[in-house]
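In UniProt numbering, the protein residues as written are 1 to 208. Beta carbons are placed, not taken as given, at the ideal position from N, Cα and C, and that holds for glycine. Taking it in order: structure first as structure tokens, then the write-up.
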Amino acid sequence: MPRPVSGRRRLVRSTLLALGCLPILLLTLGFCVGTPHYYHKKFAAVPGGVRPTALPNPIQPEVQTEPHTCGLHSLSSLYHAYGLNPEERRLRFRLGTDKPINNWIPDTRGTIHPDMLRVLGQDGFDAEVLLPGSQDTLGRLRAHLDAGHFAVVLIKPSEFHWVVAAARDGDNALICDSQRRDLYPVPMESYLRDEVYSLMLVRPAADE
Numbered sequence: 001m002p003r004p005v006s007g008r009r010r011l012v013r014s015t016l017l018a019l020g021c022l023p024i025l026l027l028t029l030g031f032c033v034g035t036p037h038y039y040h041k042k043f044a045a046v047p048g049g050v051r052p053t054a055l056p057n058p059i060q061p062e063v064q065t066e067p068h069t070c071g072l073h074s075l076s077s078l079y080h081a082y083g084l085n086p087e088e089r090r091l092r093f094r095l096g097t098d099k100p101i102n103n104w105i106p107d108t109r110g111t112i113h114p115d116m117l118r119v120l121g122q123d124g125f126d127a128e129v130l131l132p133g134s135q136d137t138l139g140r141l142r143a144h145l146d147a148g149h150f151a152v153v154l155i156k157p158s159e160f161h162w163v164v165a166a167a168r169d170g171d172n173a174l175i176c177d178s179q180r181r182d183l184y185p186v187p188m189e190s191y192l193r194d195e196v197y198s199l200m201l202v203r204p205a206a207d208e
């Protein structure tokens, strides 16, 4: 017949179980960076407002003064070019630029693909993610730029950084970069191969 478990042994077991679950709980809480109210507001589309123009005006870089805002400034430059006001669209808040991805790692602030895709879709754009190593990426990027539209590009020369490919000049793409005051050319083929992590082809959505 099994011996009954004493109260002391039960306490020890419960304590060990709680300690075993604690890392999982802390890891889970690390990714709970906001309240339900915060996410409700963040994910909500801005009602009304103008739609993006059919073709953009020449894009102008916004100078980045904070280390985590390259994605915000890239989209903000794109919005201005398409006739949209980033402040009226609450772009910074809706992108979640200032919220860390993990509560325990403050340096994880910035802009990530899912938020960019959601906000672009809510604000009247179509955006398609391409990988630089895909066989047709170079040709599709060239055709997209030739059609007068932009690509939002995530590069990783030393750390992740968002820029906008704004036009094509022969075999070069002209880059709008929040760390530069002027557009600059890069050779598209080697840029895709050596520096690009991913890119999004962005254009106004077709009218429904």
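(request) Using DSSP bridges, identify the partner residues of H161. (result) On the sequence shown, position 161 is the one that residue 161 refers to. Partner(s): I155.
(request) Consult DSSP for S198 and reduce its assignment to one of helix, strand or coil. (result) Translated into positions along the sequence shown, residue 198 becomes position 198. DSSP places S198 in strand when its eight states are reduced to three.
(message) Please state the DSSP three-state secondary structure of P114.
(response) Walking along the sequence shown from the start, residue 114 turns up at place 114. P114: helix per DSSP, three-state reduction.
(request) Go through the region 36 to 105 residue by residue and report every complete run of the alpha helix (DSSP H) that reaches 4 residues or more, in order. (result) 36 to 43, 70 to 81, 91 to 95
(message) Just to confirm, is the Cβ distance from residue 210 to R89 under 7 Å?
(response) Because residue 210 is not part of the residues shown, which for the chain are 1 to 208, the question remains open.
(request) In angstroms with no decimal places, state the Cα-to-Cα distance between D115 and R94. (result) As a working mapping, residue 115 is identified with position 115 in the sequence shown. As a working mapping, residue 94 is identified with position 94 in the sequence shown. Cα to Cα, D115 sits roughly 8 Å from R94.
(message) In this structure, how does DSSP classify R168 when only helix, strand and coil are distinguished?
(response) The sequence position of residue 168 within the sequence shown is 168, counting from 1. DSSP places R168 in strand when its eight states are reduced to three.
(request) Give the single residue among A44, Q60, G170, C70 whose Cα lies nearest to the Cα of G154. (result) Start at 1 with the first residue of the sequence shown, and residue 154 comes out as number 154. The question names Gly, yet the displayed sequence has Leu at residue 154. Among A44, Q60, G170, C70, the Cα nearest to that of L154 is on C70.
(request) Would you tell me roughly how many angstroms separate the C-alpha atoms of Y184 and P67, rounded to the nearest one? (result) To locate residue 184, count along the sequence shown from 1; it is residue 184. To locate residue 67, count along the sequence shown from 1; it is residue 67. Going by the C-alpha atoms only, they are around 21 Å apart.
(request) Along the beta strand (DSSP E) that carries D123, what are the first and last residues, could you check? (result) In the sequence shown, the residue the question calls residue 123 occupies position 123. D123 -> no beta strand (DSSP E), and no H or E assigned at all.
(message) Let me check understanding here. Comparing Cα to Cα, which of T97, S158, A143, K41 lies closest to A166?
(response) To locate residue 166, count along the sequence shown from 1; it is residue 166. Among T97, S158, A143, K41, the Cα nearest to that of A166 belongs to A143.
(request) Please list, in chain order, all residues of the same chain as R181 whose beta carbon is under 7 Å from its beta carbon, the five residues on each side excluded. (result) Stepping through the sequence shown from its first residue, residue 181 is reached at position 181. Taken in chain order, the residues that qualify are P61, V63.
(request) Report, in whole angstroms, the separation of the C-beta atoms of S74 and W162, which I expect to be a contact under 8 Å. (result) As a position in the sequence shown, residue 74 is number 74, starting the count at 1. As a position in the sequence shown, residue 162 is number 162, starting the count at 1. So it is a contact: roughly 4 Å between Cβ atoms.
(request) Measure the alpha-carbon distance for D146 versus P36 and round it to whole angstroms. (result) As a first step, residue 146 must be located in the sequence shown, where it is residue number 146. As a first step, residue 36 must be located in the sequence shown, where it is residue number 36. Taking the straight line joining both Cα atoms gives about 43 Å.
(request) Could you pull out every residue in the same chain whose Cβ sits closer than 7 Å to the Cβ of S131, ignoring the five residues on either side in sequence? (result) For the purposes of this step, residue 131 is taken as residue 131 along the sequence shown, with counting starting at 1. Note that residue 131 is Leu in the sequence shown here, rather than Ser. Answer for L131: T137, S198, listed in chain order.
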